[in-house]
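All remarks here apply to the structure that follows.
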Amino acid sequence: MIRPAAKAALVALALSTTALTSLTMAPPAQAQTKPAPAAASAASGVAVPPIVYKQRTLANGMKVYTSRDATTPNVTVQVWYGVGSKDDPEGRSGFAHLFEHLMFKSTRNMPNEFFDRLTEDVGGFNNASTYDDFTNYYEVVPANHLQRLLWAEAERLGSLVIDDAVFKSERDVVKEELRQRVLANPYGRFFNLYITQASFADHPYKRPGIGSIEELDAATVDDVRAFHQAYYRPDNAALIVVGNFDEAQLNAWIDQYFAPLKTPATPIKQVTVVEPPRTASKTITTYGPNVPLPGVAMTWQAPTAADPDAPALAVLDAVLSAGKSSRLYNSLVYDQQIAQTIFSSTSTNAQPGMFYVGAIMAGGKTVEQGEASLNAQVAKLRTTPPTAAELAEAKTGLLADAVRGRETIDGRAFALGYALRTEGDAERANTDLAALQAVTAADVQRVAAKYLADDRKVTVRYLPESSKPAGAKDPFEAPKPTPSVTYSGPVTMLAPEAERVAPPTPSAPVSPILPSPVEKTLANGLRVIVAKSSDLPLITADLTVRGGSGADPAGLAGVSSLTAELLTEGTKTRTATQVAAATEALGADLEAGSGWEASSLTLSVIADKAPQALAIMADVAQNPTFKADELERVKAETLDGLSVSYQRPGAVAGFVVPTVIYAGSGYGHVAGGTPGSLPKIQRDALVKTHAANWRPDNAILVLTGDLTPEQGFTLAEKAFGGWAKPAGPPPAPVKGPTRYTAKNVIVDLPGTGQAAVVVTKPAILRADPRYYAGLVANGVLGGGYSSRLNQEIRIKRGLSYGAGSSLSPRAAIGGFTATVQTKNESAAQVVGLIKDELTRLAAEPASGPELAARKSVLVGDFGRDLGTSGGLADILGNLAIYGVPLNEIQTYTGKVEAVSAADVQAFSKAVFDPAQTSIIVVGDSKTMGEGVKMALPAAVQIPIDQLDLDNPTLRKTK
Numbered sequence: 021m022i023r024p025a026a027k028a029a030l031v032a033l034a035l036s037t038t039a040l041t042s043l044t045m046a047p048p049a050q051a052q053t054k055p056a057p058a059a060a061s062a063a064s065g066v067a068v069p070p071i072v073y074k075q076r077t078l079a080n081g082m083k084v085y086t087s088r089d090a091t092t093p094n095v096t097v098q099v100w101y102g103v104g105s106k107d108d109p110e111g112r113s114g115f116a117h118l119f120e121h122l123m124f125k126s127t128r129n130m131p132n133e134f135f136d137r138l139t140e141d142v143g144g145f146n147n148a149s150t151y152d153d154f155t156n157y158y159e160v161v162p163a164n165h166l167q168r169l170l171w172a173e174a175e176r177l178g179s180l181v182i183d184d185a186v187f188k189s190e191r192d193v194v195k196e197e198l199r200q201r202v203l204a205n206p207y208g209r210f211f212n213l214y215i216t217q218a219s220f221a222d223h224p225y226k227r228p229g230i231g232s233i234e235e236l237d238a239a240t241v242d243d244v245r246a247f248h249q250a251y252y253r254p255d256n257a258a259l260i261v262v263g264n265f266d267e268a269q270l271n272a273w274i275d276q277y278f279a280p281l282k283t284p285a286t287p288i289k290q291v292t293v294v295e296p297p298r299t300a301s302k303t304i305t306t307y308g309p310n311v312p313l314p315g316v317a318m319t320w321q322a323p324t325a326a327d328p329d330a331p332a333l334a335v336l337d338a339v340l341s342a343g344k345s346s347r348l349y350n351s352l353v354y355d356q357q358i359a360q361t362i363f364s365s366t367s368t369n370a371q372p373g374m375f376y377v378g379a380i381m382a383g384g385k386t387v388e389q390g391e392a393s394l395n396a397q398v399a400k401l402r403t404t405p406p407t408a409a410e411l412a413e414a415k416t417g418l419l420a421d422a423v424r425g426r427e428t429i430d431g432r433a434f435a436l437g438y439a440l441r442t443e444g445d446a447e448r449a450n451t452d453l454a455a456l457q458a459v460t461a462a463d464v465q466r467v468a469a470k471y472l473a474d475d476r477k478v479t480v481r482y483l484p485e486s487s488k489p490a491g492a493k494d495p496f497e498a499p500k501p502t503p504s505v506t507y508s509g510p511v512t513m514l515a516p517e518a519e520r521v522a523p524p525t526p527s528a529p530v531s532p533i534l535p536s537p538v539e540k541t542l543a544n545g546l547r548v549i550v551a552k553s554s555d556l557p558l559i560t561a562d563l564t565v566r567g568g569s570g571a572d573p574a575g576l577a578g579v580s581s582l583t584a585e586l587l588t589e590g591t592k593t594r595t596a597t598q599v600a601a602a603t604e605a606l607g608a609d610l611e612a613g614s615g616w617e618a619s620s621l622t623l624s625v626i627a628d629k630a631p632q633a634l635a636i637m638a639d640v641a642q643n644p645t646f647k648a649d650e651l652e653r654v655k656a657e658t659l660d661g662l663s664v665s666y667q668r669p670g671a672v673a674g675f676v677v678p679t680v681i682y683a684g685s686g687y688g689h690v691a692g693g694t695p696g697s698l699p700k701i702q703r704d705a706l707v708k709t710h711a712a713n714w715r716p717d718n719a720i721l722v723l724t725g726d727l728t729p730e731q732g733f734t735l736a737e738k739a740f741g742g743w744a745k746p747a748g749p750p751p752a753p754v755k756g757p758t759r760y761t762a763k764n765v766i767v768d769l770p771g772t773g774q775a776a777v778v779v780t781k782p783a784i785l786r787a788d789p790r791y792y793a794g795l796v797a798n799g800v801l802g803g804g805y806s807s808r809l810n811q812e813i814r815i816k817r818g819l820s821y822g823a824g825s826s827l828s829p830r831a832a833i834g835g836f837t838a839t840v841q842t843k844n845e846s847a848a849q850v851v852g853l854i855k856d857e858l859t860r861l862a863a864e865p866a867s868g869p870e871l872a873a874r875k876s877v878l879v880g881d882f883g884r885d886l887g888t889s890g891g892l893a894d895i896l897g898n899l900a901i902y903g904v905p906l907n908e909i910q911t912y913t914g915k916v917e918a919v920s921a922a923d924v925q926a927f928s929k930a931v932f933d934p935a936q937t938s939i940i941v942v943g944d945s946k947t948m949g950e951g952v953k954m955a956l957p958a959a960v961q962i963p964i965d966q967l968d969l970d971n972p973t974l975r976k977t978k
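Per the numbering used here, numbering through the sequence shown is continuous, rising by one, with the last residue being 978.
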């Protein structure tokens, strides 16, 4: 629940792909509709239909935006408040984010967690996020629950309960979130703290949005109540509703629930601090624990999101770092091979922000090398405009990403809200498209010269703590102690149960229209499945072959993974850079990956570019060259990535799981390879794997999106019809393990900010008749926010940011895993809580309401996945690869609903026996103390530097 990567927000949301019809309404006058604009047509020739919305402002100042979509059975309700991290009180960084958590607690008429009863328990979801300039709350529910959500949103705006017990509990949760995102992540401090702290002198954008342990601990309930009173008011809120609704009824409900809310007479507090212009460059060196690779970032001051230069800066950003054909990737990662990761981002803030570039260096490379290369690339854009091809590629990529962001109702609502809160006008979400299209190469060069000057640059170096000189001072001032405020305003309390106003009852449900897949088999044996998912001009193509990491040769973990990754790194007629350039010029995403039993290529592309993109996809699937130099480069990048993962407790625990529960089989290793196995892998292993598995009679091609079956089959025939079927049958499936011995493991990762706790064991196969009982049982235990594990560990005790479990049935193997990250000191307690819940699940049948709620989560998630081209392609591909009839789409809900409490209890007794689980804990042993060793008395204890994932004992041999 904190702001996501800035780049994703910029690309998908700040720049829209539609021309918007804005209808302004001032109640009670009748609104008049402007003529609907023609579909926006990008330079690429893609016509994008407009998002038609209506707008009005209530008498209390609350803005309302509504957009009807009768093709969905759902509706999203979102409230965007004009308060973000920049508005945190002095000495209370992280306050807006902390308050975001409290908004999900009780109101006068809703007890704690009741909001989840109205959303998750009926098949919807809810969440929120805190950005620098705003906090947004969003839900998606079946459309017949719309009135209930409007009532609930008005409840928490007008009568939120803030009491000391809930405040302290959620503060503990936020501290665990901070530990997970920042302290347990080797680069959490770099990205979440140091870059912004170094880049702003005065503006509150410099403060970390997630806060600090010290400032969170200093806060009081009075501080929180004062914050709510200052910012959570109708004239600082925007309600956005997108989905299937009756317009007149919706407006009546909005007037009923929101119009009576009162706006305070005092003005809304505003941030008036102006960041002073930079007059010189400077370099700041920072340090962090468990940092395997050094990092560097360079920042400059940038204009607001609404500035006329913003579109040119967005294109500049894309030229630098969007995809494998970008300048930074080509230079630092591909050609020089001095960086493991590159990044750049432009400002999308309501007030002047920053533009930055950076890199995490490759093993053995220095920040000085990174600085020299980053400086050279930025200097080139100051002196020379991008090429016509680069300019077109950047624009097409931004457009395509924006289209993908609009595939869902919540994505469209997000686009409107984001433009409103960062640019001051929801319509900018659409009119920005024309500005993007108008950007010239000269504009890109101009803004590079205007903003990215050498003498106004801040360089932030991030190095391992072990390299910190003795006596070196912290470059950032510690926050000064700030006294809490004294709040004397009104305090709302939860009403006695008999006096609470009940929420409205749901209306008649809207029946979903389920996809109808159609299939045929080409002459070469390729099975092709086509299903239309929407009218959005977007197509997903998923090519899956049987055969994955389970077939890796003994001692060569990672062969299948590398085979898949190298598919896009060069063919007989295209180099790696040519594959990337050709794909990205179409605005397409082409990704390859390998699982335990299957490998895949997945393509996302604007519909009218599908023939060209599929031709590239077919080429990389059929004709990869696996050049030795490309293989060595990718192995080096993967090894660098592993060096980072080895400092993340959750990643280390995940690596240990298959070596424990699938021991003695082809699946008992790390799928992506290890520091020991990767250097041994040679080109011939990849060639053999590709020849064995990547053949048409061993493959399934799924096409979804804006296309008919006839169009899909024509595309498939043209791209893959000439793929020759080899002689002889495909390889036989790899068999699963025949035995299992439970094993507990403690891995000591000194200095890590959190411990990862994983409870795991083998479980059912996909063909098991108890499959649906297993899905529901896992849903009760750890599926969703209101599952038992999350209730006990996060909600009741504040021990984790989130606790959950997963069931992964496959053809030859199946696994169960419950996962929690918690502060090191709580690791032993969390182990006990997970085992207690496994025991309770088998001992006590789930209640009727609990069972119904968990089923609704499963059905709701499944339905939303069906509504996107990528989600539908994943579902159909999985059904096909495991031999399940495609009409499972139609029967899924009925099979879930047929599971009884007795079925869940029986499954839990048979499959979730805690006595048969293996428990893996990765954390700082010194901080965890003796408690975890007492909880796991027979555990194998391994220091991280002695961990050997290629050895069945998990320990390096002397």
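Just so you know, even glycine gets a beta-carbon here, dropped at the ideal spot from N, CA and C.
Cα-Cα separation between residue i and residue j, rounded to whole angstroms
i    : j    : result
D337 : S365 : 6 Å
A446 : L418 : 19 Å
L180 : F265 : 27 Å
V690 : V261 : 45 Å
G794 : T761 : 22 Å
N271 : V84  : 9 Å
P963 : P699 : 23 Å
P297 : Q321 : 8 Å
T588 : L483 : 33 Å
L871 : P331 : 50 Å
W616 : L659 : 20 Å
Which residues DSSP lists as bridging residue i, in chain order
i    : result
G725 : K552, I559
I362 : A379
W171 : For W171, which the question treats as bridged, DSSP gives no partner whatsoever.
N369 : Paired residue(s): none; N369 is not in a bridge.
F145 : V160
P782 : G835
G693 : In DSSP, G693 forms no bridge with anything.
Cut-off 7 Å between Cβ atoms - residues of its own chain near residue i, not counting five sequence neighbours on either side
i    : result
N212 : R201, V202, P228, I230
R199 : G773, Q774, K843
S351 : S393, Q397
Own chain residues within Cβ distance below 6 Å of residue i, not counting five before or after
i    : result
T303 : T479
T305 : R481
Q249 : G509
L118 : V194
K855 : P934
Terminal residues of the alpha helix (DSSP H) in which residue i lies
i    : result
N164 : Premise fails: N164 is in no alpha helix (DSSP H) and is neither H nor E.
R703 : 703-713
P503 : First-last for P503: undefined, no H or E at that position.
I274 : 267-277
P678 : 669-681
R481 : Here R481 belongs to no alpha helix (DSSP H); instead the beta strand (DSSP E) covers 478-484.
P631 : 630-642
Residue interval of the beta strand (DSSP E) (run including residue i)
i    : result
A116 : First-last for A116: 115-122, but that is the alpha helix (DSSP H), not the beta strand (DSSP E).
G308 : 302-308
D768 : 765-768
Nonlocal neighbours in the same chain, by C-beta distance under 8 Å from residue i, ignoring five residues either side
i    : result
A528 : N164
Pairs of beta-carbons, one from the stretch 806-822 and one from the stretch 851-865, closer than 8 Å: are there three or more? Here the stretch 806-822 makes contact with the stretch 851-865; the two share three or more CB pairs at distances below 8 Å.
Please confirm if the stretch 830-846 is in contact with the stretch 943-961, defined as three or more CB-CB distances below 8 Å between the two stretches. Short answer: they touch.
Below 8 Å, can you find three or more Cβ-Cβ pairs linking the stretch 426-436 to the stretch 617-630? Verdict: no, contact absent.
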